[in-house]
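Residue numbers (my numbering), protein chains in the order written: chain A, 7 to 404; chain L, 444 to 805.
By construction, the Cβ of each residue, glycine as well, lies at the ideal position given by its N, Cα and C atoms.
Predicted model, so just to flag it, every value in this text is computed and none were measured.
Beneath this line is the structure, given in structure tokens, with notes to follow.
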């Protein structure tokens with residue numbers, strides 16, 4: 007038992023994880039335990055899990071701060087008699103700045119608040135993107151919250167709410183950014199504070215903004231609404247730089263042309279010719295020759311919908327909803343689209359049904375009718391191959 | 444009546460506006476970067492149309508960080524780059540330098556704290572992972588421990604860029620998959636293998652039975668009554684696929700099982716659109732035991748996949764692209780993993796994964 011301040015818990019198995027070259031989370035917890043008996047009990051309970059091969063956290067419980075239904079995840083130990091300092095060990099999700107940029111000063115503010123009010127342990131960052139403050143007690147929540155907002159930080163989303171949007175580094179440090187992902191992410195976050203803090207949806211709703219098809223925030227795999235940058239005109243090409251890559255030893259035929267998914271490029275040993283109408287904007291050639299090739303100038307994004315992890319009807323990738331929106335129309339288009347999608351989902355989504363699963367259930371054609379979008383061939387990998395066509399009552403000849 | 448004024452409560456302010464945390468060089472070149480180069484593993488240089496150069500030094504981290512370590516990062520940022528730093532979507536920390544003379548001293552200081560520089564280009568970057576036994580109630584395994592043991596074994600692939608393509612590894616400690624595990628080159632996934640044990644007393648206290656029944660994707664949960672006539676549920680064991688969704692809506696449906704919980708390994712997924720389309724990871728190993736503190740069976744399987752991939756893949760091929768080329772029979776042969784009935788899908792759309800052509804390699 008570690009409730010006695012002088013007595014450190016036994017951590018025989020965890021100590022093994024302080025060995026080896028990769029930085030150790032056990033070392034992190036031990037460091038934080040210098041100022042916090044909570045961390046000693048966390049180590050004690052984790053060692054017990056390692057001994058017994060099972061976790062010792064109980065199911066959630068509703069905790070939070072006044073006026074918010076989101077942002078705090080309740081967590082309780084199922085062995086509080088052994089580890090009283092982690093009897094309550096709630097998580098606070100703090101909405102990160104877009105692109106995860108900080109100053110040392112900003113980080114120190116968060117550290118000071120968290121050292122005073124919680125375990126001193128964090129995740130930088132959680133899977134959705136938030137700063138995760140790991141482990142505090144119910145009675146500390148309101149004070150922590152007020153100190154955080156005093157320092158300019160607010161809580162992130164949790165439960166059946168809009169979750170904290172996240173984005174790639176975009177225009178701040180990437181030449182491939184086809185739209186301002188940080189600005190769109192921030193503006194959407196600010197526009198939907200109520201939807202984030204007060205859960206009112208059938209289930210969670212995630213938005214992720216990647217500024218090019220490399221998709222550094224895995225938007226297509228884990229966002230209900232994926233915004234992925236792309237361009238419509240020709241790849242910008244600098245022939246002199248192409249020649250330099252070739253001179254430096256790059257096998258342009260093999261490593262660029264033959265890797266192109268639509269074989270839209272041709273290299274005659276001197277000049278790279280790109281058939282831009284056949285380019286699918288996969289990014290490979292641009293990735294391998296960043297000095298010679300750049301996305302075109304007519305930039306914007308595609309909007310895709312519906313990706314999620316397996317729970318409950320199986321994992322989905324997002325699929326195309328709007329093939330291209332010019333960068334300067336993106337925010338407005340997204341807000342209008344979100345209004346329509348959320349209205350339909352509120353009406354027809356069942357409890358704990360993600361947007362993607364609802365579309366699978368009602369069918370994409372019905373969903374498109376519902377949100378008032380016309381079908382376009384970019385939405386499918388191929389037209390249907392089965393002849394069981396439901397003709398709308400008002401469609402077809404009488 | 445109390446006359447103490449309550450301080451105004453600040454709410455709904457959202458995150459800090461990001462611009463105030465951008466280094467001046469980023470503000471000057473925002474949206475106007477020309478290209479980038481990789482002078483050495485873990486270091487990138489981005490060149491603006493202005494000709495200005497921004498140097499990024501990327502270091503791995505365990506993601507679970509103490510305030511002490513974060514303050515150390517802050518101090519390093521103050522010392523070497525005007526206080527500016529950021530984190531990546533794979534939980535690395537990046538220092539944003541204007542002065543290239545500071546790269547080596549910063550690397551040296553990071554090494555002094557035990558934080559490796561790397562994770563760029565064709566390396567194995569940090570493993571995206573979930574909470575595990577540190578903080579989650581539905582975890583079938585720990586996350587941080589397996590990640591630490593695996594990254595210890597793959598350390599040299601973090602600090603070098605010698606692989607054919609990038610290899611993205613992710614770990615989720617149950618099927619809820621907090622993170623893009625299902626689209627990773629190599630995914631380590633915690634699995635339960637037994638139906639929930641129903642705690643009838645808890646159902647009465649804290650669960651809504653219709654919601655609980657509706658939560659099951661296979662309809663394995665049925666209403667039932669206890670001897671005293673109180674409502675409860677029963678589970679049709681053969682219909683349960685151990686997803687744990689019922690446990691998420693009702694704490695009475697306990698999934699954790701020290702003997703039967705463990706890990707599975709999935710391969711060949713990706714999210715990037717480069718060359719091939721984004722795709723899910725596919726099952727490589729259906730079950731490996733929980734074996735803390737260092738999960739040797741899991742580490743061995745992951746290292747094996749990396750080794751045969753590194754040997755067999757062509758330049759730029761991701762794990763999934765390499766397997767597409769050589770075929771799954773060869774993948775199982777090369778890795779030595781056994782192909783079992785669990786590898787064949789039997790859920791929705793399962794038929795789409797059955798081989799429906801004569802395209803076979805012998």
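Using beta-carbon distances, residue 529(L) counts as an interface residue toward chain A, with a partner under 7 Å. Runs of the alpha helix (DSSP H) lying entirely within the stretch 270-357 of chain A, each at least 4 residues long, are 290-294, 336-354 in chain order. For the stretch 491-518 of chain L, the beta-carbon criterion of a distance under 8 Å to any beta-carbon of chain A is satisfied by 497, 499, 503, 504, 505, 506, 507, 508, 509, 510, 511, 512, 513, 514, 516, 517, 518. Partner residues in the beta bridge of residue 140(A), as assigned by DSSP, are 97(A), 127(A).
Using a Cβ distance threshold of 7 Å, residue 640(L) and residue 30(A) do not count as a contacting pair. Scanning the stretch 624-689 of chain L for uninterrupted alpha helix (DSSP H) segments of 4 residues or longer gives 643-649, 652-657, listed from N- to C-terminal end. Restricting attention to 278(A), 210(A), 93(A), the CA atom closest to the CA of residue 125(A) is found in 93(A). Per DSSP, reduced to three states, the secondary structure at residue 543(L) is helical. Contact between residue 579(L) and residue 158(A) fails: their C-beta atoms lie close to 29 Å from each other, not under 8 Å. Nearest neighbour of residue 709(L) by Cα position, chosen from 525(L), 663(L), 701(L), 630(L), turns out to be 630(L).
Annotation for residue 187(A): 173, 174, 176, 215, 217 place their beta carbon closer than 6 Å to its own, counting only its chain and skipping 5 residues before and after. In the three-state DSSP reduction, residue 464(L) falls in the helix class (H, G or I). Close to residue 714(L), with beta-carbon spacing below 7 Å, are these residues of chain A in chain order: 221, 224, 226, 227.
Non-local C-beta neighbours of residue 339(A) in its own chain, meaning closer than 6 Å and more than five positions away in sequence, comprise 331, ordered along the chain.
Annotated three-state conformation of residue 474(L) is coil, per DSSP.
Chain order gives the chain A residues near residue 718(L) as 265, 266, 267, 288, 289, 290, where near means a beta carbon separation below 9 Å. Inclusion of residue 533(L) and residue 564(L) in the CB contact set at 7 Å is not warranted, their separation being larger than that value. Boundaries of the beta strand (DSSP E) around residue 614(L): 612-615. In this structure, the alpha-carbon of residue 299(A) lies about 34 Å from that of residue 342(A).
Counted as a single uninterrupted DSSP element, the beta strand (DSSP E) harbouring residue 729(L) occupies residues 725-732. Shown here, residue 697(L) sits in a strand according to DSSP, grouped into three states. The beta carbon of residue 256(A) sits closer than 8 Å to the beta carbons of 262, 294, 295 from its chain, once the five residues preceding and following it are set aside; these are given in chain order. For residue 56(A), the closest Cβ of chain L is nearer than 7 Å. Shown here for residue 585(L): same chain residues with a beta carbon closer than 6 Å to its own, the five before and five after excluded, namely 575, 576 in chain order. Here DSSP, grouped into helix, strand and coil, assigns residue 491(L) to strand. The stretch 160-172 of chain A and the stretch 479-489 of chain L do not touch, with fewer than three beta-carbon pairs separated by less than 8 Å. Contact between the stretch 201-215 of chain A and the stretch 341-355 of chain A is present: 3 or more CB-CB pairs across the two stretches fall below 8 Å. Residues of chain L whose Cβ lies closer than 7 Å to the Cβ of residue 203(A) are, in chain order, 455. Contact annotation: the stretch 92-106 of chain A touches the stretch 461-480 of chain L, with at least three C-beta pairs closer than 8 Å. At least 7 Å separates the CB of residue 703(L) from every CB of chain A.
Nearest CB-CB separation between residue 695(L) and chain A: not below the 7 Å threshold.
Residue 215(A): not part of any alpha helix (DSSP H); member of the beta strand (DSSP E) spanning 213-216, first to last residue.
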